[in-house]
Amino acid sequence: MRRSILVGVAVLATTGCVTESVYVGSDKPVVENRIDNDEAARTRISLALKYLASGDSTQAKYNLERAAKFSPKLPEVHYTTAYYFQQVGENELAKESYLRAIDIAPDDPNTLNNYGVFLCGLGEYDEASEYILRAIEVPSYLRVSQSYENLALCAIENNEFDEAEEYLEASVKHNPTRGSSLVNLSAIYYAKSDLHRAQTYMNRYEKSGRISSRSLMLSYLIESRMGHIEKASTLALTLQQTYGNSIEAKQIKQKNTADSEFERLREKYRKNELSKLKKELNPDGKSVVKKPKVKVVKRKAQTEQSQPKVIEQTAVEPKTDSTAKVIVAKPIDQVAKNEVVIAQAQKAQESGQTQEQASSPLKLVETPFHIMKGGENLFSVSVKYNVKLAKLLEWNGLTENDPVFAGTKIYLNNPNVYHLVKDGDTLFSISVKYNLRMKSIAEWNDIGESATLSPGDKILLVNPKTYAL
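Take any residue in the sequence shown, count from 1 to its spot, add 388: that is its number in this note's numbering.
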């Protein structure tokens with residue numbers, strides 16, 4: 389997203405105080421100019437900024453030094469000097485000048501805002517926010533909307549998207565016609581896949597009679613994702629005809645909108661959400677799914693009546709669906725529901741031998757899911773978890789037009805991961821039915837390829853090591 393944090397550096401006109409007197413012993417008037425030191429300093433500041441803008445840093449510094457001699461206690465002198473040091477890459481000197489200005493006038497809102505913007509550029513987000521908020525709290529401060537936008541842009545740089553949204557909403561409330569805030573707020577909603585809100589703020593921007601290459605690009609992206617192809621095409625044509633030399637027009641012409649600032653912001657948001665999700669799943673930085681320890685228990689036919697051993701497995705967090713655990717090669721003895729057991733079948737009594745149908749337990753697979761919250765939609769969920777929308781619809785038996793309400797459980801992977809064995813089923817017939825390798829099915833279920841299956845058994849159809857988000 390195009391960075392445009394605004395710094396309020398004063399550029400003021402020259403004014404002075406004029407007094408009138410006469411020569412001694414004569415009525416002839418004499419005009420004397422008594423120049424106020426503060427105004428003289430402001431004149432030098434204005435000249436310094438003009439020189440700095442033209443690239444003449446030497447003259448800029450000279451005029452700032454002259455301003456400091458005229459009025460060393462004027463805050464503008466020091467925060468403008470700090471701005472000069474920022475531009476020439478002297479951050480330590482800039483910081484000293486800002487702090488000197490704050491020491492002179494602790495409640496000067498321009499100094500507080502500018503210092504906050506400076507700290508944001510250094511990546512010191514918390515301290516930057518503190519100073520900008522202090523500027524906003526000054527009753528006489530007029531650039532409140534601008535400062536809220538500065539806070540939002542700083543928050544975006546630090547991946548604080550929710551705070552950025554709040555600050556931009558505050559900016560728009562203080563100045564409903566502030567164009568940059570309207571576009572940036574729309575961009576935040578676009579990044580979050582809240583397309584209807586994004587469209588609402590772009591409509592407000594357009595109704596104000598404004599137009600820019602940025603706004604046309606964002607509107608084009610919003611309408612395209614909403615499926616309004618005709619309107620999107622009109623916007624693309626308008627952009628290329630009106631701003632043919634702009635970056636945005638070239639990106640559309642080259643079909644390279646993925647490089648636009650708004651798509652990059654959207655990708656930044658998606659990666660940040662995935663990173664937060666991984667931290668929630670795995671706060672210690674260790675592997676979430678622990679490989680279960682398998683203990684094989686054999687029993688001799690007609691002699692020992694040992695009970696089936698239960699193998700416990702740590703549940704995968706955050707939300708997974710584990711309402712049905714799986715029993716492979718169901719043993720003769722009735723087993724408790726929701727247990728994973730090692731089952732063994734007896735051979736014919738005359739043999740006196742035992743045969744192991746499944747020597748290892750089926751690995752427990754739990755389907756990850758998401759509980760819908762207010763304001764969310766399936767598209768935003770697909771972006772958050774990096775899952776294709778078409779797959780979400782398929783796995784949850786939905787269509788694009790189906791409403792999804794808050795509290796609805798949405799599966800994030802295919803929940804149909806088991807095959808219920810019927811009479812006559814074999815591993816070979818199951819592999820043919822699901823177009824899977826028989827060897828893979830055997831490995832996933834820890835059984836042999838020639839294992840005997842009983843009706844009612846459940847066979848895992850996915851690799852438990854890779855079945856995840």
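Even for Gly, the Cβ is constructed at its ideal location relative to N, Cα and C.
- With 16 or more other Cβ atoms from the protein chains shown falling within 10 Å of its own Cβ, GLY504 counts as buried.
- A residue is called buried when at least 16 other Cβ atoms come within 10 angstroms of its Cβ; LEU530 does not meet this threshold and is exposed.
- The closest CA to that of ASN547, considering only LYS457, ILE524, ASN765 and GLU655, is found on GLU655.
- Nearest C-alpha to THR446 among VAL771, TYR513, PHE473 and ASN498: PHE473.
- Residues of the same chain with a CB within less than 6 Å of the CB of GLU661, apart from the 5 flanking positions on each side, are LYS772 in chain order.
- Residue burial annotation: SER581 is buried, with at least 16 other C-beta atoms found within 10 angstroms of its C-beta.
- In this structure, the alpha-carbon of ASN765 lies about 35 Å from that of THR630.
- Around SER485, the same chain offers HIS466, TYR467, THR469, ALA470 and PHE473 as residues with beta carbons nearer than 8 Å, after the five sequence neighbours per side are excluded.
- LYS810 sits in coil when the DSSP states are folded into three classes, being neither helix nor strand.
- Between VAL820 and ILE847, the C-beta spacing is not below 8 Å.
- Excluding sequence positions up to five before and after ASN563, its CB lies within less than 6 Å of the CB of SER533, all in the same chain and listed in chain order.
- Residue state for LEU848 is assigned as strand, using DSSP reduced to three classes.
- Collapsing the DSSP output to three states places PHE757 in a strand.
- Residue state for LYS776 is assigned as coil, using DSSP reduced to three classes.
- Judged by their CB atoms, PRO463 and THR431 are not nearer to each other than the 8 Å cut-off.
- Closest option to TYR799, judged by alpha-carbon separation, among ALA552, LYS638 and SER770: SER770.
- About 15 Å separates the CB atoms of LEU623 and ALA575; that is not less than 8 Å, and the two are not in contact.
- Secondary structure at LYS797: strand, using DSSP grouped into helix, strand and coil.
- In this structure, DSSP gives LEU815 a helical state, which the three-state scheme calls helix.
- Per DSSP, GLU512 is not a residue of any alpha helix (DSSP H), being assigned neither H nor E.
- In this structure the stretch 778–791 does not lie against the stretch 826–839, because fewer than three pairs of beta carbons, one per stretch, are closer than 8 Å.
- Within the stretch 429–480, no beta strand (DSSP E) run of at least 3 residues lies entirely inside it.
- For ASP550, the enclosing alpha helix (DSSP H) begins and ends at 549–562.
- Taking a contact as a CB-CB distance under 8 Å, the pair ASN572 and LEU556 counts as one, their CB atoms being some 6 Å apart.
- Remark: C-beta atoms of GLY567 and ARG598 approach each other more closely than 8 Å.
- Counting the other CB atoms within 10 Å of its CB gives ARG825 a total below 16, which places it among the exposed residues.
- Membership of SER600 in any alpha helix (DSSP H) is not indicated, and neither H nor E is assigned to it by DSSP.
- If you compare the alpha carbons of GLY812, ASN851, PRO843 and ASP811 with that of ALA830, the shortest gap goes to ASN851.
- Annotation: THR626 to LEU604 spans about 8 Å, alpha carbon to alpha carbon.
- For the options ASN591, ALA646, ASP813 and ILE818, the alpha carbon positioned closest to that of PRO843 is the one of ASP813.
- Straight-line measurement puts the Cα of LEU781 at about 6 Å from the Cα of THR787.
- Fewer than three pairs of CB atoms, one per stretch, sit closer than 8 Å, so the stretch 511–518 makes no contact with the stretch 485–495.
- By alpha-carbon distance to ASP496, the top candidate from LEU521, LEU481 and GLN475 is LEU521.
- The distance from the Cβ of ASN425 to that of TYR439 is about 21 Å, inconsistent with a contact at the 8 Å cut-off.
- In the displayed model, GLU651 falls within a helix according to three-state DSSP.
- Assigned with DSSP and collapsed to three states, ASP582 falls in coil, not helix or strand.
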